[in-house]
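These notes are about the structure you will find just below.
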Amino acid sequence: MSELVRRDPRKEWIARNRLHPQHLEVLAELGGGASPSEWLGPNGLMRRDPHAVGFIGPNGIKRIDRSGAQQAAAQSSSRQAQPEDTRRRVEIEAPAFLVAVVPDMPSGRLSSHDRDLLGLARQLADAEPERPGAVLAVIFGEHKETHFDEAGADRLLHLAGEGFAGYMPEARIAALQSVERELTPRHWLLPDSTLGGAELGRRLAVRLGERPATQVWQIEADAASEHGWRCMARGAAGSSDISRTLPRVALALAECAEPVSETRHAAQPVTLAQGLPEVLGRIEDLGAVAVDPAGVALAEAEFILSAGNGVKDWDAYHHAAQVLGATEGASRVAVDDGFMARDRQVGATGTWVTARVYVAVGISGAIQHLQGIQGCDKVVAINLDGGCDMIKRADLAVIGDAGAILAALVAQVERYREQQRENRDAA
Amino acid sequence: MPHNAPQSATRPNVAVLVSVGHHPLTARARRADQDARAVEMALSLNDIQASLIHAGCHDADSDAALCGYLGMGFEAIELIEQSSGADVAPALAEALRDAAPQLVLSGARAETGEGSGLLPYLLAESLGWPIVTGLAAVESIEHGVATVLQALPRGQRRRLRVRLPAIATVESSAPAARQSAFGPARRGELTCQERPGIDDEALAEWRVQPARKRPKRLKIVKATSARDRFKAAAAKAEGGGGQVLNDATPEQGAEAIFKLLREEGVLR
Ligand SMILES: Cc1cc2nc3c(=O)[nH]c(=O)nc-3n(C[C@H](O)[C@H](O)[C@H](O)COP(=O)(O)OP(=O)(O)OC[C@H]3O[C@@H](n4cnc5c(N)ncnc54)[C@H](O)[C@@H]3O)c2cc1C
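Chains V and F are the protein sequences, given in the same order.
Read in full-length UniProt numbering, the first sequence has 326 at position 326, and its numbers run on one by one without any break.
Read in full-length UniProt numbering, the second sequence has 84 at position 84, and its numbers run on one by one without any break.
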């Protein structure tokens, strides 16, 4: 379809003129075939459709003019100009030094902690405008991130390979040691996050023979210190603040700096001249252990299948949760009606969840419920009503009957499991 | 590991490094929470010989705190005397080299001093032993190999096999420690050992103060128009960007959801 809007001034005029004999027809036509808001019912009563009142204003908001003075033609919101990208492009050709950042990349993407850390690295790199440093992001294994440029990385060292999948701290440290040998960054920054940078950073610091600053939450320039920076770090299980010079290796807490938002950087790929060393690991990863998803605390659960008033067949729902391996959650209505236990309630008066994937089945998305899922990454909604608030929050919304969709999903997952089993047997 | 070979016939040795904790509210010395969990883990193992090692000063306060560990069912703690403010890593490394345990358990970080959590790593590096973190359980110790469960975020677990001797740290994800019983705590004793300490010089240069409350991050709205600013201030369920499947069959809908679940890697 053409994106050009064809205007018909005569029809617009008729649409504005409520007394014109063709007013209702023209309104219906301009409103995209929608029914007029008022009509005479069969018994002579005036019927109203409150949803058909009003028009979509130029900014895509619905406007209702109660005076009835004006009615504008509906405008397609797709014609709205996308906001222009005004971020400044920064390219650093010959950096005076490197600031290496090793982000955690949980689930293959930069976390907000990683972004804060890159913001901190930018502070270090951009301190002297005439001698700028470059921020080097070192990434292990597979990832799904495409916005390293927006996050503030000038250089990107992607160490791909099978060897980094799973828990491979020894291989990672050996790789970081090669980075140290070849590129010798002035600073090493890692997130101080459990089972991510906290461990890797301490291993790295010990290997490099540096005494790291841990739990850093602020840095400030200080000409008297060795690298020109002081840092503020938490000590003694968070009960004291230590002010010290910033060492080469620093492990920083979340919100240690503002993430980069006003510039875009090159994120230019770099490689190591020498291949990665072979490491004979003494730690072997035997893989994840199946934990009972029902036993995982709701606030901690990674994948939640949450049921609301729209769920009719509860046995099928419990079966679906079991097949998907999801932790069960519920809206208040489902709990109050006695279908789910009280400790499964998500929301303001229930649990605030932090799932990576939250599937809301037949939940309308009341504000008390949405508050509880603010911390969720991806929200999937299954609902009959395409206009409810949960759909607005959802990253993926499927409009339809919950029972049928869940059944189809279960069938699909079972097929997938079957295939996996066959592949494993064949291998 | 030849020097461990004769030992594997007898019960393997597990050493637990314990420190003096700091109660977050009363600021009194106590047994450190993570270390106590490490002791609990050692106690939960069958067929091992557990010993406790502490390096630090020998005064009334810290002795009272150490008795908390004795009360969990130990007869003695090996106390390596060090001055306050000393770097205990070299002395501990030496003690461990002499004792040659199969597995060393410790808390992830101390509750006093710098509390950087670096000590287990330093020990591992200087002894040349592997280190694993965030232990949830030790499943078995046999033939110079330990099979352990590592606690991942979100209640997940991962099974690791690590060559012994090794160091393992324990965090709050490990099972909670049992209570300390008063009688055994009174009866237990501290066996002192003198080892030369090294003063931690860097520590003296630092300024240490009680933790300040960190400022809360403000939500900064970079809006170009009044409408955007208003929306940001008054936003309820901020939508947009989401994909909506309107007239899909249940199969198509399920397909789309399945794809998302696979991409996110939550289907195991
Ligand atoms: C003080 C206070 C605190 C509260 N705290 C909480 C809280 O912590 N947590 C909480 O959840 N609620 C809380 N509530 C309640 C909240 O306001 C809502 O009433 C509740 O969340 C609605 O639950 P629901 O979405 O399951 O039900 P409904 O609002 O009835 O929504 C059901 C949805 O299912 C859809 N549906 C129906 N049939 C089907 C079908 N066959 N297939 C697919 N979809 C279907 C409908 O379209 C609808 O969108 C609180 C309320 C108050 C006043």
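Think of the CB as a built atom: it goes at the ideal place given N, C-alpha and C, for glycine as much as any other residue.
For residue i, is the beta carbon positioned less than 7 Å from some heavy atom of ligand 1?
| i | result |
| --- | --- |
| F:N246 | no |
| V:A312 | Contrary to the premise, residue 312 of chain V reads as Lys rather than Ala in this sequence. Yes, Cβ of V:K312 sits closer than 7 Å to a heavy atom of ligand 1. |
| V:H369 | yes |
| V:C376 | no |
| V:S364 | yes |
| F:G253 | no |
| V:L396 | no |
| V:G338 | no |
| V:Q419 | no |
| V:R332 | yes |
| V:I304 | no |
| V:A402 | yes |
| V:C231 | no |
| V:D315 | no |
| V:V353 | no |
| V:A341 | no |
| V:L384 | yes |
| V:A348 | yes |
| V:C388 | yes |
| V:Q274 | no |
Is residue i buried or exposed, if buried means 16 or more other CB atoms sit within 10 Å of its CB?
| i | result |
| --- | --- |
| V:M340 | buried |
| F:A50 | buried |
| V:A330 | buried |
| V:H113 | buried |
| V:D292 | exposed |
| F:L129 | The amino acid occupying residue 129 of chain F in the given sequence is Trp; Leu does not appear at that position. The residue in question, F:W129, is buried, as its Cβ has 16 or more Cβ neighbours within 10 Å. |
| F:S44 | exposed |
| V:M232 | buried |
| V:K62 | exposed |
| V:R234 | buried |
| V:V26 | buried |
| F:R268 | exposed |
| F:F258 | buried |
| V:M46 | exposed |
| V:A73 | Residue placement at V:A73 is poorly supported in this model, since its pLDDT is 42, which falls under 50; the coordinates still yield a value, given next. The residue is buried, with at least 16 neighbouring Cβ atoms inside 10 Å. |
| V:L406 | buried |
| F:S106 | buried |
Are the C-beta atoms of residue i and some chain C residue less than 8 Å apart?
| i | result |
| --- | --- |
| F:R214 | Although the question refers to chain C, the structure presented lacks it and instead comprises the protein chains V and F. |
Is residue i helix, strand or coil by DSSP?
| i | result |
| --- | --- |
| V:D116 | helix |
| V:D241 | strand |
| F:A237 | Reliability of the predicted coordinates at F:A237 is poor, the pLDDT of 47 falling under 50, and the value obtained from them is presented with this limitation in mind. In this structure, F:A237 counts as coil in the three-state DSSP scheme. |
| V:G235 | strand |
| V:H20 | coil |
| V:L286 | strand |
| F:D35 | helix |
| F:R161 | strand |
| V:S306 | strand |
| F:Q179 | coil |
| V:V102 | coil |
| V:Y416 | helix |
| residue 434 of chain V | Residue 434 of chain V is absent from the structure shown; chain V starts at 1 and stops at 427. |
| F:D199 | strand |
| V:P129 | coil |
| F:P130 | coil |
| F:K213 | coil |
| V:D395 | coil |
| V:W229 | strand |
| V:R63 | strand |
| V:M269 | The sequence as given places Pro at residue 269 of chain V; Met does not occur at that position. Note: V:P269 maps to strand in three-state DSSP. |
| residue 270 of chain F | With chain F covering 1 to 268 only, the question about residue 270 of chain F has no answer from this structure. |
| V:E422 | helix |
| V:V179 | helix |
| F:Y121 | helix |
Which partner residues of residue i appear in the DSSP bridge assignment?
| i | result |
| --- | --- |
| V:V249 | V:W188 |
| F:G107 | F:V170 |
| residue 270 of chain F | Examination of residue 270 of chain F is not possible in this model, given that chain F is present from 1 through 268 alone. |
Inset, instruction - Decide yes or no for the touch test of the region 318-333 of chain V against the region 300-307 of chain V: beta carbon pairs closer than 8 Å, at least 3 of them. - result: yes
Inset, instruction - Spell out a yes or no on whether the region 242-253 of chain V and the region 201-216 of chain F are touching, meaning 3 or more CB-CB pairs, one atom from each, closer than 8 Å. - result: yes
Inset, instruction - Report yes or no: do three or more beta-carbon pairs, one from the region 16-34 of chain F and one from the region 105-114 of chain F, lie closer than 8 Å? - result: yes
Inset, instruction - Could you tell me whether the region 198-211 of chain V touches the region 305-320 of chain V, using the rule of 3 or more Cβ pairs below 8 Å? - result: no
Legend entry - At least three beta-carbon pairs within less than 8 Å, the region 160-168 of chain F to the region 137-151 of chain F: yes
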